[in-house]
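Enquirer: Take this structure, written in structure tokens, and hold onto it; I'll ask about it next.
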Amino acid sequence: MRAPEFWRTGGLLASVLSPLGCLWTAAGRIHSKTAKPEAAGIPVICIGNAVAGGAGKTPVALAVAAELTRTGHSPHFLSRGYGGSLPGPIRVEPGLHGPAEVGDEPLLLAALAPTWVSRDRVAGARAAAAAGAEMVVMDDGLQNPSLRKDVSLLVVDGGFGFGNGRPIPAGPLREPIADALARVAAVVVVGEDRAGIAGVVGAAHPVLEARFVPVPDGGAVSGRRVVAFAGIGRPQKFFETLAGMGCEIVSEVAFPDHHDYSEDEVMRLLEAAAAAGAVPVTTEKDSVRLPETAKGMVETVRVTLEWADPGAFERLVASFTAGKA
338 MRAPEFWRTG
348 GLLASVLSPL
358 GCLWTAAGRI
368 HSKTAKPEAA
378 GIPVICIGNA
388 VAGGAGKTPV
398 ALAVAAELTR
408 TGHSPHFLSR
418 GYGGSLPGPI
428 RVEPGLHGPA
438 EVGDEPLLLA
448 ALAPTWVSRD
458 RVAGARAAAA
468 AGAEMVVMDD
478 GLQNPSLRKD
488 VSLLVVDGGF
498 GFGNGRPIPA
508 GPLREPIADA
518 LARVAAVVVV
528 GEDRAGIAGV
538 VGAAHPVLEA
548 RFVPVPDGGA
558 VSGRRVVAFA
568 GIGRPQKFFE
578 TLAGMGCEIV
588 SEVAFPDHHD
598 YSEDEVMRLL
608 EAAAAAGAVP
618 VTTEKDSVRL
628 PETAKGMVET
638 VRVTLEWADP
648 GAFERLVASF
658 TAGKA
């Protein structure tokens, strides 16, 4: 699914759908209040967002787990495994599982730390605990009340922000902003804050800023002509990253999030790139969904998060484990 433009700008259709948004909010609040969250037996750190679509949750989850590992802890990841067929709980094995079984994001997470896919979040967290996890870093699930979280972070895309500020289907919000802020310890803004996020959040929560930068081995396309394609929540973020690398973008092709690429689609992209004297390039998340026959013919740009204040991020993560070391 690709977010409709009125989710960003508002307008007549957003107003017409507003009553349905009120029903969505009411249903979510009833579900949350009547749920009885269960404990996993180990700390749970949730990396979530308030809008439908990509905000940068997975890179933030990776950064949190990497910092926990650096400071001597043993985190496991937990994901619903969106797009995968296995209900779980199951530990992701990159050499055995593919995106059709476990989804694309868990494959990226599993490259860093043990990763569990489970539609039942409580069962997944308990499986991680039984396997020796010291704590769980949950990628998404802020609106899932079944599992008790010890701490949560709200991730927001700096360019999109909270869109038109209305709940689904009138806007992109999974829940009202105030409801989400009431359950999080801090807010992470990914990319330049062009949507006034800090003003919406206010002074009650720490706001950490970060941006995507290519990893040292991810700059093979720097300064080159490229045909760029991406099937992520906000493809424009990837295109902006390429522009920042000095790439001459011949063509930008956006697909829906978690798009399952066919051989014909990729071949058309390869042909377009060849005709333009350009390099076909995509994201790391997209690369795991490419047909095996095409993976070697498409360049992948790997990115990581660069924190505006690394010390603030390290202190925040340290606060998660205070008294648990």
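When you read off a place in the sequence shown, starting at 1, and then add 337, the result is the number in this note's numbering.
Just so it is clear, CB atoms sit at the ideal spot from N, CA and C, and this is done for glycine as well.
State yes or no: is the C-beta of residue 493 within less than 8 Å of the C-beta of residue 524?
Expert: As a first step, residue 493 must be located in the sequence shown, where it is residue number 156. As a first step, residue 524 must be located in the sequence shown, where it is residue number 187. Going by C-beta atoms, residue 493 is nearer than 8 Å to residue 524.
Enquirer: Is DSSP giving residue 442 helix, strand or coil here?
Expert: Along the sequence shown, read from residue 1 onward, the residue named residue 442 stands at position 105. Correct three-state label for residue 442: helix.
Enquirer: Within 10 angstroms of its Cβ, does residue 662 collect 16 or more other Cβ (buried), or is it exposed?
Expert: To locate residue 662, count along the sequence shown from 1; it is residue 325. Because the pLDDT at residue 662 is just 40, under 50, the model does not fix this residue reliably, and the value given afterwards should be weighed accordingly. Exposed is the call here.
Enquirer: Under a three-way DSSP split, which group does residue 604 fall into?
Expert: Residue 604 sits at position 267 when you count from the first residue of the sequence shown. Here residue 604 sits in helix by DSSP.
Enquirer: Quick test of the definition: if touching needs 3 or more C-beta pairs under 8 Å, does the segment 477 to 484 touch the segment 631 to 649?
Expert: As far as the Cβ criterion goes, the segment 477 to 484 does not touch the segment 631 to 649, which means the pair count is below three.
Enquirer: Can you name, in chain order, every residue of its own chain whose Cβ lies under 8 Å from the Cβ of residue 379, other than the five neighbours on each side?
Expert: What you label residue 379 is simply residue 42 of the sequence shown in a count that begins at 1. Within the same chain, residue 379 has close Cβ partners 462, 465, 466, 470, 471, 472, 473.
Enquirer: Alpha carbon to alpha carbon, how far is residue 443 from residue 574? Give it in angstroms, no decimals.
Expert: Numbered from its first residue, the sequence shown carries residue 574 at position 237. Numbered from its first residue, the sequence shown carries residue 443 at position 106. Near 21 Å, if we compare the C-alpha coordinates of residue 443 and residue 574.
Enquirer: Taking Cβ positions, are residue 567 and residue 549 nearer each other than 8 Å?
Expert: Within the sequence shown, numbered from 1, the residue matching residue 567 stands at position 230. Within the sequence shown, numbered from 1, the residue matching residue 549 stands at position 212. Not closer than 8 Å, so no.
Enquirer: What is the DSSP secondary structure of residue 548, counted as helix, strand or coil?
Expert: What you label residue 548 is simply residue 211 of the sequence shown in a count that begins at 1. The answer is strand: DSSP assigns residue 548 an E or B state.
Enquirer: At the level of alpha carbons, what is the spacing between residue 517 and residue 406?
Expert: Within the sequence shown, residue 517 is the residue found at index 180, counting from 1. Within the sequence shown, residue 406 is the residue found at index 69, counting from 1. The straight-line gap from Cα to Cα measures roughly 28 Å.
Enquirer: State the Cα-Cα distance for the pair residue 529 and residue 447, rounded to the nearest angstrom.
Expert: Counted from its first residue, the sequence shown places residue 529 at position 192. Counted from its first residue, the sequence shown places residue 447 at position 110. When rounded, the distance between both Cα atoms is 29 Å.
Enquirer: Report yes or no: do three or more beta-carbon pairs, one from the segment 401 to 420 and one from the segment 497 to 507, lie closer than 8 Å?
Expert: Touching, no.
Enquirer: Which same chain residues end up closer than 8 Å to residue 614 when comparing Cβ atoms and leaving out the 5 residues on each side of it in sequence?
Expert: For the purposes of this step, residue 614 is taken as residue 277 along the sequence shown, with counting starting at 1. Same-chain partners within the cutoff: 562.
Enquirer: Beta carbon of residue 675, beta carbon of residue 547: below 8 Å?
Expert: Nothing about residue 675 can be read from this structure; the chain reaches only from 338 to 662.
Enquirer: Kindly identify the DSSP beta-bridge partner or partners of residue 663.
Expert: Nothing about residue 663 can be reported from this structure: the residues present for the chain run from 338 to 662 only.
Enquirer: What residues match up with residue 644 in a beta bridge as DSSP calls it?
Expert: Within the sequence shown, the letter at position 307 stands for residue 644. Answer by DSSP bridge pairing, in chain order: 547.
Enquirer: Rounded to the nearest angstrom, how far is the Cβ of residue 618 from that of residue 638, given a contact under 8 Å?
Expert: If you number the sequence shown from 1, residue 618 lands on position 281. If you number the sequence shown from 1, residue 638 lands on position 301. Right, their Cβ atoms sit about 6 Å apart.
Enquirer: May I ask you to list the residues that DSSP assigns as paired with residue 476?
Expert: For the purposes of this step, residue 476 is taken as residue 139 along the sequence shown, with counting starting at 1. The partner list for residue 476 (beta bridge, DSSP) reads 384, 416.
Enquirer: Is it buried or exposed for residue 553, if we count other Cβ within 10 angstroms and need 16 for buried?
Expert: Taking the first residue of the sequence shown as position 1, residue 553 is located at position 216. Exposed, since its Cβ has fewer than 16 Cβ neighbours within 10 Å.
Enquirer: Specify the secondary structure class of residue 617 as computed by DSSP and reduced to three states.
Expert: For the purposes of this step, residue 617 is taken as the residue at position 280 of the sequence shown. Residue 617 falls in the strand class under three-state DSSP.
Enquirer: Can at least three beta-carbon pairs, one atom from the segment 500 to 516 and one from the segment 342 to 349, be found at a separation below 8 Å?
Expert: A contact exists between the segment 500 to 516 and the segment 342 to 349.
Enquirer: Counting only the same chain and skipping the five closest in sequence on each side, list residues whose C-beta sits under 8 Å from that of residue 514.
Expert: Sequence index remark: in the sequence shown, residue 514 carries index 177 (1-based). Around residue 514: 387, 499, 502, 537.
Enquirer: Going by CA-CA distance only, name the one from 641, 652, 606 that's closest to residue 635.
Expert: The count along the sequence shown starts at 1 and reaches residue 635 at position 298. Looking at the Cα atoms, 606 is the closest of the given residues.
Enquirer: Roughly how many whole angstroms lie between the Cα atoms of residue 531 and residue 544?
Expert: Here residue 531 refers to the residue found at position 194 when the sequence shown is read from its first residue. Here residue 544 refers to the residue found at position 207 when the sequence shown is read from its first residue. Using only the alpha carbons, I get a separation of about 14 Å.
Enquirer: Buried or exposed: residue 584, going by 16 or more other Cβ atoms within 10 Å of its Cβ?
Expert: Translated into the one-based positions of the sequence shown, residue 584 becomes position 247. Residue 584 is buried by the Cβ-count criterion.
Enquirer: May I ask which residues mark the beginning and end of the beta strand (DSSP E) holding residue 566?
Expert: To locate residue 566, count along the sequence shown from 1; it is residue 229. Segment 562 to 567, the beta strand (DSSP E) holding residue 566.
Enquirer: Please name the residue in 602, 572, 429 whose C-alpha comes closest to that of residue 449.
Expert: Counted from its first residue, the sequence shown places residue 449 at position 112. Per the Cα distances, 429.
Enquirer: Below 6 Å CB to CB, which residues in the same chain sit around residue 353 once its five sequence neighbours on both sides are set aside?
Expert: Taking the first residue of the sequence shown as 1, we reach residue 353 at position 16. Cβ neighbours of residue 353 beyond the five flanking positions: none.
Enquirer: Which two residues bound the contiguous beta strand (DSSP E) that contains residue 523?
Expert: Counting from one through the sequence shown, the residue named residue 523 turns up at place 186. 523 to 527 is the span of the beta strand (DSSP E), which, as asked, contains residue 523.
Enquirer: Short check: CB of residue 393 to CB of residue 590, under 8 Å?
Expert: The residue given as residue 393 occupies position 56 in the sequence shown. The residue given as residue 590 occupies position 253 in the sequence shown. Taking 8 Å as the Cβ cut-off, residue 393 and residue 590 do not qualify as a contacting pair.
Enquirer: So the candidates are 410, 458, 419, 656; which of them puts its Cα closest to the Cα of residue 570?
Expert: Counting from one through the sequence shown, the residue named residue 570 turns up at place 233. Checked all of 410, 458, 419, 656; the closest Cα to residue 570 is 419.
Enquirer: Among 621, 375, 451, 504, which one has its Cα closest to the Cα of residue 356?
Expert: On the sequence shown, position 19 is the one that residue 356 refers to. Of the listed residues, the one whose Cα sits closest to residue 356 is 504.
Enquirer: If we ignore side chains and look at the alpha-carbon of each, how far apart do residue 580 and residue 391 end up?
Expert: In the sequence shown, residue 580 corresponds to position 243, counting from 1. In the sequence shown, residue 391 corresponds to position 54, counting from 1. For residue 580 and residue 391, the distance between alpha carbons rounds to 20 Å.
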